[in-house]
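Student: Dumping the structure here so I can ask a few things about it.
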Amino acid sequence: MEPTPVAHGSQDSGAGVRLDSIPEAIAAIREGKSIVVIDDEDRENEGDLIYAASKATPELAAFMIRYTSGYICVGMSGELLDRLSLPPMTAVNEDRKGTAYAVSVDAKDVAGTGISAVDRAHTIRVLADSATEPYELTRPGHVMPLRAVKGGVLRRPGHTEASVDLTTLAGLTGAGALCELVNDDGTMMRAPRCREFADEHGLLLISIADLIRYRRQYESQVTKVADVALPTMHGDFRAVGYRSEIDGTEHVALTYGEIGNGEDVLVRVHSECLTGDVFGSLRCDCGPQLHAAMSRVVREGRGVVLYVKGHEGRGIGLLEKMRAYELQERGLDTVDANLS
Numbered sequence: 054m055e056p057t058p059v060a061h062g063s064q065d066s067g068a069g070v071r072l073d074s075i076p077e078a079i080a081a082i083r084e085g086k087s088i089v090v091i092d093d094e095d096r097e098n099e100g101d102l103i104y105a106a107s108k109a110t111p112e113l114a115a116f117m118i119r120y121t122s123g124y125i126c127v128g129m130s131g132e133l134l135d136r137l138s139l140p141p142m143t144a145v146n147e148d149r150k151g152t153a154y155a156v157s158v159d160a161k162d163v164a165g166t167g168i169s170a171v172d173r174a175h176t177i178r179v180l181a182d183s184a185t186e187p188y189e190l191t192r193p194g195h196v197m198p199l200r201a202v203k204g205g206v207l208r209r210p211g212h213t214e215a216s217v218d219l220t221t222l223a224g225l226t227g228a229g230a231l232c233e234l235v236n237d238d239g240t241m242m243r244a245p246r247c248r249e250f251a252d253e254h255g256l257l258l259i260s261i262a263d264l265i266r267y268r269r270q271y272e273s274q275v276t277k278v279a280d281v282a283l284p285t286m287h288g289d290f291r292a293v294g295y296r297s298e299i300d301g302t303e304h305v306a307l308t309y310g311e312i313g314n315g316e317d318v319l320v321r322v323h324s325e326c327l328t329g330d331v332f333g334s335l336r337c338d339c340g341p342q343l344h345a346a347m348s349r350v351v352r353e354g355r356g357v358v359l360y361v362k363g364h365e366g367r368g369i370g371l372l373e374k375m376r377a378y379e380l381q382e383r384g385l386d387t388v389d390a391n392l393s
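Quick note, the numbering used here runs 53 ahead of the 1-based positions in the sequence shown.
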């Protein structure tokens, strides 16, 4: 079953820019076309040209060089970079946005020096070729590989991750050529000008925010790991354990009764709180809330209590929560203590 496209003509937050749909963009990437991808205004606030590395041609590279900074990069997964023996450019990454540059490369068999559009297109294709061996690349070179964070835009909303996600969703090798669009005066293109540029050249324009929404809507982000009986003081539940594909966080669904048809099922979501759930801390009512949820599900006859981990102290972690308690004892209010 084909997913329903994210709404065509959605608005980029704050910029009022018309955006194209993610399924259209995936199809364009699959067909070997360039697209324009913009990120949030509060991040880089830039638009990148992106195309599949495996579909690179001299024409695509030349177009990219003409309208961008010319500093062509290739977003790749860590697994691909490791297989090609392409380590980080530096042991300590001081880039403000955490862009993970690997050592630059050329394909060993480029026709010229490696800088031409023809040579760079060839190097880009070689990087995306699953048959490429490390010895077929020379270091340094004129193409800059970038290491994408595992989990893609769901973990880091950057153009590097977008290039890998888009090519993966297109069924291609997870590697995408990317470079920042620039105006004639050398300044970076912002969202409104990116829309104009895309229309002038017949390209699609999408946002990373829409790509994040698309992935969250249509991809399974957890793997079922265990399913066991769990007798409790409230009744006999089943504990179903899941692991996040994004960050490895483990969650538990406590199911009671027959919930197979999924209709009118009572669901209670409880965020992890060790101090309240286990130690019975009176600083919060998390423990009583958890027991009330389990009791309510049993009274209902069927339902689910979803125990979500990774939210200890509203996401700050156990020890930081304890530190916040310490600050509260010194007179800070709850919000100030959590932010300190």
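C-beta: ideal position from N, C-alpha, C; glycine also.
1. Using a 10 Å radius around the Cβ and a threshold of 16 neighbouring Cβ atoms, would you call residue 279 buried or exposed?
2. Using alpha carbons as the reference points, say which of 239, 154, 163 lies closest to residue 201.
3. So the candidates are 324, 325, 310; which of them puts its Cα closest to the Cα of residue 318?
4. Among residues of its own chain, excluding the 5 on either side of residue 122, which ones have a beta-carbon nearer than 7 Å to its beta-carbon?
5. Where does residue 120 sit, in a helix, a strand or coil, going by DSSP?
6. If you draw a straight line from the alpha carbon of residue 240 to that of residue 100, how long is it in whole angstroms?
7. Could you tell me which of 90, 302, 351, 296 sits nearest to residue 264, measuring between CA atoms?
8. Would a C-beta distance cut-off of 8 Å place residue 380 and residue 306 closer than the cut-off?
9. Pull the bridge partners of residue 126 from the DSSP assignment, please.
10. Using a Cβ-Cβ cutoff of less than 8 Å, which residues in the same chain neighbour residue 114 once the five nearest sequence positions on both sides are dropped?
11. With a threshold of 8 Å, are at least 3 pairs of Cβ atoms found where one atom belongs to the stretch 186 to 206 and the other to the stretch 124 to 142?
12. If you reduce the DSSP assignment to three classes, tell me which class residue 290 lands in.
13. I'd like the list of long-range same chain contacts for residue 104, defined as Cβ closer than 6 Å, with 5 residues on each side in sequence excluded.
14. Would you mind giving the Cβ-Cβ distance between residue 297 and residue 320, rounded to the nearest angstrom? I have them listed as a contact below 8 Å.
15. Of the residues 156, 287, 351, which one's Cα is nearest the Cα of residue 135?
16. Quick check: what's the CA-CA separation for residue 161 versus residue 167?
17. Just how far apart, CA to CA, sit residue 260 and residue 382?
18. Could you tell me which whole beta strand (DSSP E) segments of length 3 or greater appear in the stretch 345 to 377?
19. Can you look up residue 265 in the DSSP assignment and give me helix, strand or coil?
20. Start and end of the alpha helix (DSSP H) containing residue 180?
21. What does the Cβ neighbour count give for residue 62, buried or exposed, with the cut at 16 atoms within 10 Å?
22. Cβ of residue 180 within 8 Å of Cβ of residue 292?
23. Do the CB positions of residue 377 and residue 366 come within less than 8 Å of each other?
24. Excluding the five sequence neighbours on either side, which residues of its own chain have a C-beta within less than 7 Å of the C-beta of residue 79, listed in chain order?
25. Helix, strand or coil for residue 218 per DSSP?
26. Taking the beta carbon of residue 372 as the centre, do at least 16 other beta carbons fall within 10 Å, making it buried, or is it exposed?
27. Please work out which residues of its chain come closer than 7 Å, Cβ to Cβ, to residue 330, disregarding the five sequence neighbours upstream and downstream, and give them in chain order.
28. Does the Cβ-Cβ distance between residue 412 and residue 225 come in under 8 Å?
29. Specify, as a first and last residue, the run of the beta strand (DSSP E) that residue 321 falls within.
30. How many angstroms separate the CA atom of residue 139 from the CA atom of residue 165?
31. Are the beta-carbon atoms belonging to residue 210 and residue 93 less than 8 Å from one another?
32. Look at the alpha carbon of residue 65 and the alpha carbon of residue 72, and state the distance between them as a whole number of angstroms.
33. Do you know offhand how far residue 190's Cα is from residue 83's?
34. Please name the residue in 119, 287, 384, 254 whose C-alpha comes closest to that of residue 354.
35. In whole angstroms, what is the alpha-carbon distance linking residue 227 and residue 159?
Tutor: Walking through what the data contain:
1. Exposed.
2. For residue 201, the nearest C-alpha among the options comes from 154.
3. Looking only at 324, 325, 310, the smallest Cα-Cα distance to residue 318 is reached by 310.
4. Only residues of its own chain outside the window of five on either side were considered, and among them 232, 233, 235 have a CB closer than 7 Å to the CB of residue 122, listed in chain order.
5. DSSP places residue 120 in helix when its eight states are reduced to three.
6. C-alpha separation (whole angstroms): 12 Å.
7. Minimum Cα distance to residue 264 is reached at 90.
8. Against a cut-off of 8 Å, the Cβ pair of residue 306 and residue 380 comes out as no contact.
9. Note: residue 126 sits in a beta bridge opposite 197, 231.
10. Contacts found: 125, 170, 171, 173, 174, 177, 230.
11. Touching, yes, given that three or more Cβ pairs across the two stretches are closer than 8 Å.
12. When secondary structure is reduced to three states using DSSP, residue 290 falls in the strand class.
13. Within the same chain, and ignoring the five residues on either side of residue 104 in sequence, the residues whose Cβ sits closer than 6 Å to its Cβ are 87, 113, 230.
14. Not confirmed; about 19 Å, so no contact.
15. Nearest of 156, 287, 351 to residue 135, Cα basis: 156.
16. Straight-line Cα distance between these residues: approximately 9 Å.
17. Note on geometry: alpha-carbon atoms of residue 260 and residue 382 lie some 45 Å from one another.
18. The qualifying runs are 356 to 361.
19. Of the three classes helix, strand and coil, the one that applies to residue 265 here is helix, per DSSP.
20. Boundaries of the alpha helix (DSSP H) harbouring residue 180: 170 to 181, taken from the DSSP string.
21. In this predicted model, residue 62 has a pLDDT of only 48, less than 50, meaning its place in the structure is not dependable; the value taken from the coordinates is given anyway. Under the 10 Å beta carbon count, residue 62 is surrounded by fewer than 16 other beta carbons and is classified as exposed.
22. No, these two residues do not count as a Cβ contact at 8 Å.
23. The answer is yes: Cβ separation under 8 Å.
24. Cβ within range, chain order: 219, 222, 223.
25. Helix, per DSSP.
26. When all chains shown are included, residue 372 counts as exposed.
27. These residues qualify, in order along the chain: 339, 340, 343.
28. An answer regarding residue 412 cannot be provided, because it is not within the stretch 54 to 393 covered by the chain.
29. For residue 321, the enclosing beta strand (DSSP E) has its first and last residue at 319 to 324.
30. Take the alpha-carbon of residue 139 and the one of residue 165: they are about 22 Å apart.
31. Yes, the pair counts as a contact, with Cβ atoms nearer than the cut-off.
32. Per-residue confidence for residue 65 stands at a pLDDT of 49, beneath the threshold of 50, marking its modelled position as unreliable; the derived number appears in the next sentence. Within the model, the alpha-carbon separation for residue 65 versus residue 72 is close to 7 Å.
33. Roughly 26 Å between the two C-alpha positions.
34. The residue with the shortest Cα to Cα distance from residue 354 is 287.
35. So the two alpha carbons sit approximately 19 Å from each other.
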